[in-house]
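Numbering (my numbering), first residue to last: 66 to 982. These notes concern the structure reproduced below.
In structure tokens, the structure reads:
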């Protein structure tokens, strides 16, 4: 069944309905009027646009004809083609204007017929007069042209066209007059319709206004009369009754709700007054809590409640519970709750009231004499004073509170906050008063003690003044010592500068010494090697022995020079570590290749053991590693007469030796022998430069005492160390520890490096055992075929080196040319282009090898000529400088003839050593 209220209109709807009817009638009125106005507007637009445009087009066609005639006559008279411009444009534009005009009068057959006659005359004039005259003039038929203008038949056609256009316009003017007359009649008709419609709209609007006002005013008067009767009688329980279901009905309900609100506010004010009076009569905290909760129970229909008040240590203590028992749990079974603990503690922190609806059955039970029940609604609210939580109240009810109950509850909580603060302040004042009395007594006692302490402080002050004087004296002494220390630092800095200068001089001296020693040593080793080869077989066995001794002594001298240079580089900090991947699986075969021969000669058991836990690859400087191991094995074989020498390679856990730079796992290379061993007293000095165990050792076994010192320094550069475990008479074990880096950590060189420095003492035994080997006929034959009749230019400022190289190359039947300066070399290269290869010394006076190389390559334009640079300097930068200057290869002095021959053969075959490095 439909709601009756849904079938009735409210005031707004009634007024809206009246306005809608009026607007509907106005809309009909406007619809009719706008229709008529639109029709009039279309007729007006047709008159203004159509007729005016039509007349304009006729004049345009006439103008186009005149332009064609003018252009034709001008061209005919002058022959100037510029006169044809209006003629040409007219022949085109009149067709366009004709098309527009015909489309505008397509609904008028008579005018279309007139326009067709005009078109035929224009076309006839163009054909018989216009274009005809132009063609005659273009063809320069002047006599025919003059004859045409004497008759001038075209003028008649032009006059006919003008008269036809004027007739056409007269017809259109008549049509325009008829349209204007019709338009005036339509305007009069529109005015009549507007008057009639306006009268009808006014009548209907008055009728609707009367009906709507009557339906609104009559119920409103009845409501006003009822309100006056309620106000006059003073009966707040009486309520207004309205029968209509419109806004008047809503007004009555709103008035009734206002009466309810006023009645509730009056009741709330009375309850607040009663609570205020009850709380003002109490001064005890527990009594205040009990009074407040008890009165709250019958004001708000509360069946259970507890109150916690802020106590010591910012904790809330249970002060009173309403309708509770001793065995019933409160606040999670606790009488003291800290802030943030449970809902009550959290409410104290949030300072916000919390409502809990639809409580579970086990939340709490409300007991009576007849039974018990679970509450359905609970409120936990903070009691605030100046935005500080002084208490928390939790209440529970069987029914849900109305909103005005919550508002009254908030007002009562504010009152409770003020009361609790007053009581707590009063209690604190009483407590402070008692404490002040006790403190007064204590202060009296302390004042007597302070008087005694004051006297003692006076004595201590005098002692402090004495100490201050002593401290000032000490400060002055410290300042003097500071000045002395600063002077010492300045002197130390000067000493460091002098030490660096001395180190630089030392390095330069050693480099020069190396050059001066290697130059004569080069020729001595080459010639002694040639003697040992006994190519002419003219030497006896004794003489061959002499030559071998000379060669061996020269090799030992070269080894000693290398040892001294290595030691100098280590001490000057110029030795570099170049880390790269080292294949440990190849190390045993490499070491056996070095030392199997000496082991067989001395009848010593030699073996190399690689443990399973050792990685195949690890990162370190491979050249320095080999140098250290060769030094250690050289010492082992040198000091072992019989027994064994063995190398054991294994992975060990991180060591604790201070010499290791890292605390990572290490690889241990243990070199063990059964030799003479090292006593306890000599274990440290053997690692010092130029030191051996004792003089007898040096005399018996030889050597410079540099190998172990250099090995220890190199091990430290690699981040490791060398340890010694030895017992005199039973043998020694030298162990090299290096960090086991299985991945490249990006560590690069630290100091400027050398290119190739032979291992110190690496062949103290090897060079002594090195004996000349007879040449293999097959390789010699191959080399002979490559070098035979080739031209070699030897350039060196030392005639001894030239002589040695000449003798070394004689067996190959080469054509040898010599030069003792860079200038001679350049002259020979210019004059003798048949030179196949050049052996060029770098260190020459006036024009050195670097400049000579640059001139040969750049000025003489000989980039393909093989040039081997020979130098006594062995630094890596020296080799790179030679290759950069244009050398094809680099050999350091002293040279080995076999090596020189091999490199010459490869260069003559087209191999470029400079591109392999």
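No residue lacks a Cβ here, since even glycine has one placed at the ideal position from N, Cα and C. Small disclaimer: the values here were computed from a predicted structure and weren't measured.
Q | Sequence ranges, alpha helix (DSSP H) only - wholly within the stretch 134-209, length at least 4 | A | Runs of alpha helix (DSSP H) with 4 or more residues, each lying fully within the stretch 134-209, are found at 149-169, 174-190 and 196-203, listed in chain order.
Q) Taking C-beta to C-beta, are residue 476 and residue 337 nearer than 8 angstroms? A) Yes, the pair counts as a contact, with Cβ atoms nearer than the cut-off.
Q. In terms of DSSP beta bridges, what is residue 455 paired with?
A. Beta-bridge pairing links residue 455 to no other residue.
Q: Check whether the stretch 733-748 touches the stretch 784-793, taking contact to mean three or more Cβ pairs, one atom from each stretch, closer than 8 angstroms.
A: The answer is yes - the stretch 784-793 touches the stretch 733-748, with three or more Cβ pairs under 8 angstroms.
(Q) Let me make sure I understand the geometry here. Which of 187, 253 and 260 has the alpha-carbon closest to that of residue 224? (A) Nearest of 187, 253 and 260 to residue 224, Cα basis: 187.
Q. What does DSSP give as the partner residues of residue 420 in its beta bridges?
A. Paired residue(s): 444.
Q) What three-state label does DSSP hand residue 384 in the structure shown? A) Of the three classes helix, strand and coil, the one that applies to residue 384 here is strand, per DSSP.
Q) Can you tell me whether residue 869 is buried or exposed, with buried defined as 16 or more other CB within 10 angstroms of its CB? A) So residue 869 ends up on the buried side.
Q. If you draw a straight line from the C-alpha of residue 962 to the C-alpha of residue 802, how long is it?
A. Rounded to the nearest angstrom, the two C-alpha atoms are 39 angstroms apart.
Q | Spatial neighbours of residue 382 in its chain, beta-carbon cut-off 7 angstroms, leaving aside the 5 residues before and after | A | Once the five neighbours on either side are set aside, the close Cβ partners of residue 382 are 373, 374, 376, 400 and 401.
Q: Measure the Cβ-Cβ separation of residue 489 and residue 448 and say whether it is below 8 angstroms.
A: The answer is no: Cβ separation not under 8 angstroms.
Q. If we call anything under 8 angstroms between Cβ atoms a contact, is residue 882 one with residue 871?
A. Between residue 882 and residue 871, the C-beta spacing is not below 8 angstroms.
Q | Option nearest residue 591 by Cα separation, candidates 220, 958, 145 and 109 | A | Here the closest residue by C-alpha is 958.
Q) Going straight from the alpha carbon of residue 905 to that of residue 707, what length do you get? A) Take the alpha-carbon of residue 905 and the one of residue 707: they are about 48 angstroms apart.
Q: With DSSP as the reference, please indicate the residues paired to residue 491 in a beta bridge.
A: According to DSSP, residue 491 shares a beta bridge with no other residue.
Q) Using CA coordinates, which residue listed in 846, 435 and 423 is at the minimum distance from residue 462? A) The option with the nearest alpha carbon to residue 462 is 423.
Q: Along the beta strand (DSSP E) that carries residue 715, what are the first and last residues, could you check?
A: For residue 715, the enclosing beta strand (DSSP E) stretches over residues 709-717.
Q) If we ignore side chains and look at the alpha-carbon of each, how far apart do residue 289 and residue 332 end up? A) Here the alpha carbons of residue 332 and residue 289 stand approximately 27 angstroms from one another.
Q. Does the Cβ of residue 434 have 16 or more other Cβ atoms within 10 Å, making it buried, or fewer, making it exposed?
A. By the 10 Å Cβ count, residue 434 comes out exposed.
Q | Inter-residue spacing [alpha-carbon to alpha-carbon] between residue 970 and residue 658 | A | Rounded to the nearest angstrom, the gap between the Cα atoms of residue 970 and residue 658 is 27 angstroms.
Q | DSSP-derived helix/strand/coil call for residue 78 | A | DSSP places residue 78 in helix when its eight states are reduced to three.
Q: May I ask you to report which of helix, strand or coil DSSP gives residue 821?
A: Per-residue confidence for residue 821 stands at a pLDDT of 36, beneath the threshold of 50, marking its modelled position as unreliable; the derived number appears in the next sentence. DSSP places residue 821 in the coil class of the three-state scheme, outside both helix and strand.
**Q.** Range covered by the beta strand (DSSP E) that runs through residue 877
**A.** The continuous stretches of beta strand (DSSP E) do not include residue 877, and DSSP gives it neither H nor E.
Q) What did DSSP end up calling residue 760 once you bin it into helix, strand or coil? A) At residue 760 the pLDDT is 44, less than 50, meaning the model places this residue with poor confidence; the figure from the coordinates comes in the next sentence. Correct three-state label for residue 760: helix.
Q: Compare the Cα-Cα distances from residue 403 to each of 379, 387 and 384 and report the closest residue.
A: With distances taken between Cα atoms, residue 403 lies closest to 379.
Q) CB of residue 706 to nearest heavy atom of the ligand NAD: below 7 angstroms? A) The ligand content of the structure shown is nil, which means the ligand NAD is not present either.
Q) Would DSSP call residue 961 helix, strand or coil? A) Residue 961: coil per DSSP, three-state reduction.
Q.
Can you tell me whether residue 319 is buried or exposed? The criterion is at least 16 other CB atoms within 10 Å of its CB, across all chains shown.
A. Label assigned to residue 319: exposed.
(Q) Let's see if you can read the secondary structure: which residues bound the alpha helix (DSSP H) around residue 772? (A) Run containing residue 772: 772-782, per the alpha helix (DSSP H) assignment.
Q: Using three-state DSSP, classify residue 662 as helix, strand or coil.
A: In the displayed model, residue 662 falls within a helix according to three-state DSSP.
Q.
Give the list of continuous alpha helix (DSSP H) stretches no shorter than 4 residues that lie fully inside the stretch 866-915.
A. Counting only runs of 4 or more, we get 887-896.
(Q) Can you tell me whether residue 508 is buried or exposed? The criterion is at least 16 other CB atoms within 10 Å of its CB, across all chains shown. (A) It is exposed - the Cβ of residue 508 has fewer than 16 other Cβ atoms within 10 Å.
**Q.** Nearest candidate by alpha-carbon position, reference residue 952, set 925, 910 and 903
**A.** Nearest option by C-alpha distance: 903.
**Q.** Sub-8 angstroms separation of residue 191 and residue 229 beta-carbons
**A.** With contacts defined by Cβ atoms closer than 8 angstroms, residue 191 and residue 229 do not form a contacting pair.
Q.
If you reduce the DSSP assignment to three classes, tell me which class residue 737 lands in.
A. Look at residue 737 here: in three-state DSSP terms it is strand.
(Q) Does residue 792 come out as helix, strand or coil in the three-state DSSP assignment? (A) Residue 792: strand per DSSP, three-state reduction.
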